[in-house]
Amino acid sequence: ATVRLVPDWLPVIEIFPPPNVGFDRTTNEEGEFYFEDLVAGGYSVTVIKEGYAIQSGHIQLEETEVLNQDWFLDPDGDNLVHVRGRVQEDTGELDIFIPIEGATLLLKDANSGIPSVAETQSGPGGDFEFPPVEPGGYQLVVEAVGYERHEQGLSLGQEKEPFVLVELQPQMEPVNAE
Numbered sequence: 507a508t509v510r511l512v513p514d515w516l517p518v519i520e521i522f523p524p525p526n527v528g529f530d531r532t533t534n535e536e537g538e539f540y541f542e543d544l545v546a547g548g549y550s551v552t553v554i555k556e557g558y559a560i561q562s563g564h565i566q567l568e569e570t571e572v573l574n575q576d577w578f579l580d581p582d583g584d585n586l587v588h589v590r591g592r593v594q595e596d597t598g599e600l601d602i603f604i605p606i607e608g609a610t611l612l613l614k615d616a617n618s619g620i621p622s623v624a625e626t627q628s629g630p631g632g633d634f635e636f637p638p639v640e641p642g643g644y645q646l647v648v649e650a651v652g653y654e655r656h657e658q659g660l661s662l663g664q665e666k667e668p669f670v671l672v673e674l675q676p677q678m679e680p681v682n683a684e
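The opening position of the sequence shown corresponds to residue 507 in the working numbering, with each subsequent residue numbered one higher.
Here it is, written out as C-alpha cells:
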C-alpha cells in the first residue's frame with residue numbers, strides 16, 4: 507500500500523492528492539511504514555492499495571513525538587463476489603424440487619482453514635445469499651434438519667454474482683431388524 511502524508515500548510519486543491527505532493531511511503535511485507543524527521547504539525551493521511559477502498563484521515567504530530575498509527579483497509583466492493591443461491595430437495599421426479607427453508611450455510615476459506623468466513627440461512631423459498639466475499643477458493647457446508655450434510659468446493663471470482671444450486675438428500679431412517 508502507499509501511505510501519503512500531506513502537511514496542513516501545503517494547499518492541495520484535489521480531494522485525492524497526486525504523487526509528489528507531500529510524502530509517500532510504500533508499506534513493507536508486514537504492512538508497516540515509517541516516516542522520519544517530520545516537522546511537528548497536522549497532516550492529512552491517505553492510504554491507497556489497489557483492490558481496497560481508499561482510507562483517509564488526519565494526524566497531529568507534536569514536537570519529538572513518535573506516533574504509531576494503524577490503518578485498516580476494507581476490500582473494494584468492485585472486487586468482491588456476491589454469492590446467492592437456493593437450497594432444495596431433489597424428489598427424484600422430473601423437474602420437481604422442494605425448497606428447503608432454514609438450512610444453515612457456511613462458507614469456509616479453503617486455503618486458510620478459517621472455520622467460517624460467512625454464514626447465512628435459507629429463506630422460505632430455499633433462497634439464500636451471503637455477504638460479499640473476496641474472490642478465491644471456498645468450501646460450502648450446508649446442514650438442514652432431516653437432510654444429509656452437504657459439502658462442495660467453490661472457486662469464486664469468475665462471476666461477480668454466482669448462483670449456487672444446492673440439492674440435499676433426505677436422511678435415511680434407521681432400520682431396526684427384529
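C-beta: ideal position from N, C-alpha, C; glycine also.
{"Query": "Count the other CB atoms within 10 Å of the CB of Thr552; is the residue buried (16 or more) or exposed (fewer)?", "Result": "buried"}
{"Query": "Should the region 542-556 be called in touch with the region 621-636, which here means at least 3 C-beta pairs below 8 Å?", "Result": "no"}
{"Query": "Quick one: using the 10 Å Cβ neighbour count with 16 as the cut-off for buried, is Ser661 buried or exposed?", "Result": "exposed"}
{"Query": "Only counting runs of 3 or more residues, tell me where the beta strand (DSSP E) segments fall wholly within the region 636-668, in order along the chain.", "Result": "642-649, 656-662"}
{"Query": "Considering only C-alpha positions, which residue in the set Thr532, Tyr540, Thr626 is nearest to Thr508?", "Result": "Thr532"}
{"Query": "Taking 6 Å as the limit between beta carbons, can you name the residues of its chain near Glu667, skipping five residues before and five after?", "Result": "His588"}
{"Query": "Buried or exposed, going by whether 16 or more other CB atoms sit within 10 Å of the CB of Arg510?", "Result": "buried"}
{"Query": "Tell me, to the nearest whole angstrom, how far the beta carbon of Leu646 is from that of Val670; I am working on the premise that it is less than 8 Å.", "Result": "7 Å"}
{"Query": "Using DSSP's beta-bridge definition, name the partner residues of Gly591.", "Result": "Phe634, Val670"}
{"Query": "Taking the beta strand (DSSP E) that Ser550 falls in, what are its first and last residues?", "Result": "547-554"}
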